Structure formats: C-alpha cells, structure tokens
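Asker: To convert, take the position in the sequence shown, counting from 1, and add 114; that gives the working numbering.
All C-beta atoms, glycine included, are put in the ideal place defined by N, C-alpha and C.
As the structure is a prediction and not an experimental result, all values here were calculated from the model.
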Amino acid sequence: MDVRTHDELAHHADAWADLLLQSPAASPMLSFPQISAFFETQVQPPQAWLCLFVYQGDRMLGVFPLIAARSIGVPGFKMLFLKTPYNILHTGGVDCLTLYGREEVIEVLVDYLSRMPRAWPLIRIREVPEHSPSLVCMKRPGAKLLAIQRVRGGENYIRIPATVEEFHAGLSSNFRRQLKRGRKKLDELGDVRFLCRDESRAPDENMRRFEEVENAGWKGEENSSIKADESNARLYALAAERFSRHGWMEWNFVETGGKSIGAHYAVRIKRTLFLLKIGYDEAYSACSPGNLLLEQIIINACLDGDLDEINCVAECTWHKNWAMEKRLLHNLVILPKVPVLSTLLGIIFRSRSFHRLQERFDHKPLPAIT
C-alpha cells in the first residue's frame, strides 16, 4: 500500500501503534505521531513524501516512511535516491518498522520501489541502533538487499537499577554532593513541586510551559530552542497531541511558586522513557533544576519498577555525571543486490565522495515520485 496524503496516513494510526508495541525497536521516531508531524511540518512542496505499508489481512507487518531526495538517469531507467525522515534538531533514527521476525518485508517494499517505473532505489537511513529492522534484515542468510553500513555516533541511556540506593551508589561522590547542594538551594526557594507524568494541565498548556523553560536557557540564546523555529514548534505540538492519544506522552516539571524552572518533553513506550527534549531556566542554575528533575524521575522509576531504561537519544558531555551507557548508532544505504553491479556500487558508496554527494542530494528535492 502506497500512501501519499495526510488524511490517508491517519487511517493507519491505530494499526501502526499496535505494530510499534510489538517491535523490539519501538521508539518515538518510528511512530505515527512523530512521522506524521514531520511530514506535515517539515516536508513542503516541491518536496515529496510517501509511506509504504504491508498488511496481512488486517494486521500491519511493516511501514516505511520515505522522502524523495533526488533521481538521476536516462529514459526508461533512473536511480532513485530516497531517505527516511531526518532533522538534526528533532528527528533521527527512522527506519522501516516491521513486525518482529518479519524483517524480510523490507525486501518486498524495496522491490515495489524498483518498479516505479523501472528504477534503482537507494535508501539512506541515519542513526539507527543495531537491533533496527533494516540491520536485522540485512544480516539474514540469503538477504536480497545490500547495505552499506558505518557507525555514526551513539545514544546514551540510563539503565534503571533495582533500588534507589544502588542508583546513588553508581554516581561519583562529587556529583552526589552537587545534587545535595542543589536540592538544599531549591528547598530554600519554597513551594517546590515535582510534577512527574503530569496530567493535571491541558497538553497545550504543558507545551507552552516547556517552551518557556527551554527558551530561558542557552538554547534560547543560540536560537536552537523549540520556540525559536515556528515549524519545529508546530512539529512538537502536533506530535505531543498524538502521543497523548496513545497514552505515551510524558510531561515532567520542577516548579517553584507555580513557575516551571525545569522540564522534560518525554515519551514513554513500553518500559523505556525517551527524553526527546529537556530544558531548565538558567536564572535558577544554582539549584540544578535539570539535574534534580532527572534524579527524581530515576528515583520514581526505581520505586515503581515500571522502567528498564531512560534513553537520552543523544550524546552530551553532561551525561558523564550519570554514569550512562552508550548504544552505537549506524548510518546505512540500502540498495537491491545484483551480481557485480552491487559490488561496484558498494565500493562507490563507501567512498567519502559519495557521502559528500548525499549531502548535496539532501538539499535538492525531487518534485514528485512516480
């Protein structure tokens, strides 16, 4: 099934959510809320997107969201460059989502692309973990696709320990003292509240509060906050609304006197909490509101036993304080496997020149996919 309109895409939201919850690769970046919001706010004419689906009866087996980057060729044959949704500020790690054990449906979808009309599809995927469906598919015996793969950074995460005592014991003594000093200064402000998994306010109010907190820090000064870009703000608001419909959206705040001074825009899927965005008001930096809010979330997780990890979906210097673990992420290019030709193309695609060419294609959209 080939979908290219927002209304038609929305018809698949529930089946997409069911598929996501069955996948070991479950992530907000592979979900209908994130992908649909990306398509609506980040892909504008003359750019084009399409979303491919595979069903078995009423059960969704796979979904592949794609954006046309460029095509080159001659009449009767063309090389079609495609990519999964990506924006360094908010969307990465998008892959073909498949039912566990049915990763071979990726081959079916790529075969469909090769007949639109006769074409040679090359699909660029960025920053996916080792257990991502495409990487699993390419390692199957007899795989019909070729994947050019390279490590591209990583994402840090906190593995939730069994007890609060074990959590604190894993931190350095210096950082524990820093947290203690911050909490003491925070308590001195009075009327302090931690609102975790807040549902007392409307989603749009929590969105507004989060934007204000994030913009009050260095992100606001560098114009990299959500509030600084209208299209990004629309994406986050749309995605939050849609995550909420599935019960996945999580707002966390630390407040004093009714003012939010630290906040999380987070998504909870199964037993993982994804911290998609965090922020704190730098006027209160002496109180370490960002650190104390994260500490409280980890304490709650230890006590409730409802989380296995907190995924920070990035690598940052401040992560070192939290003794985080690192998961490697990979970039890959997928193409049909053809004797001799695939080997030759593989050599080309591993070259630095090709990677520079890919960056150029990212900025030269294809007007239509036919």
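1) Residues in the same chain with beta-carbon distance under 6 Å from Arg323, minus the five sequence neighbours each way, listed in chain order, please.
2) Answer with buried or exposed for Cys426, where buried requires no fewer than 16 other C-beta atoms within 10 angstroms of its C-beta.
3) Count the CB pairs spanning the segment 307 to 325 and the segment 415 to 423 that are closer than 8 Å, and state whether there are at least three.
4) Counting C-beta neighbours from all protein chains within 10 Å, is the total for Lys253 16 or more, i.e. buried, or is it exposed?
5) Secondary structure at Gly215, three-state DSSP: helix, strand or coil?
6) If you reduce the DSSP assignment to three classes, tell me which class Thr155 lands in.
7) Of all the options Leu223, Ala162 and Cys210, which has the alpha carbon lying nearest to the alpha carbon of Leu133?
8) Compare the C-alpha of Ala347 against each of Leu203, Glu439, Gln170 and Ala377 and name the closest.
9) Can you grab the Cα-Cα spacing for the pair Asp318 / Trp234, in whole Å?
10) Is Pro450 near Leu259, with beta carbons less than 8 Å apart?
11) Name the one or two DSSP bridge partners that Ile237 has.
12) Under three-state DSSP, which class holds Leu134?
13) According to the Cβ coordinates, are Gln263 and His444 closer than 8 Å?
14) Could you give the first and the last residue of the continuous beta strand (DSSP E) run that contains Gly393?
15) Quick check: the Cα distance between Arg291 and His282, rounded to an integer number of angstroms?
16) List the DSSP bridge partners of Ser145.
17) Report the three-state DSSP secondary structure of Asp318 (helix, strand or coil).
18) Quick one: is Gln158 buried, meaning 16 or more other Cβ sit within 10 Å of its Cβ, or exposed?
19) With burial defined as no fewer than 16 other Cβ atoms inside 10 Å of the residue's Cβ, what is the status of Leu180: buried or exposed?
20) Return helix, strand or coil for Trp436, following the three-state DSSP convention.
21) Quick check: the segment 240 to 254 against the segment 385 to 401, are there 3 or more CB pairs under 8 Å?
22) Quick one: complete alpha helix (DSSP H) runs, 4+ long, within the segment 344 to 409?
Answerer: So, to answer that:
1) Ser374
2) buried
3) no
4) exposed
5) coil
6) Helix at Thr155.
7) Looking at Leu223, Ala162 and Cys210, the one whose alpha-carbon comes closest to that of Leu133 is Cys210.
8) Leu203
9) Distance between the alpha carbons of Asp318 and Trp234: 44 Å.
10) yes
11) Leu196 and Ile448
12) helix
13) yes
14) Thr386 to Tyr394
15) Roughly 11 Å between the two C-alpha positions.
16) Answer is none; Ser145 lacks a bridge partner.
17) helix
18) exposed
19) The residue is buried, with at least 16 neighbouring Cβ atoms inside 10 Å.
20) The answer is helix: DSSP assigns Trp436 an H, G or I state.
21) Taking 8 Å as the limit for Cβ pairs, the verdict is that the segment 385 to 401 does not touch the segment 240 to 254.
22) Listed in chain order, they are 344 to 359.
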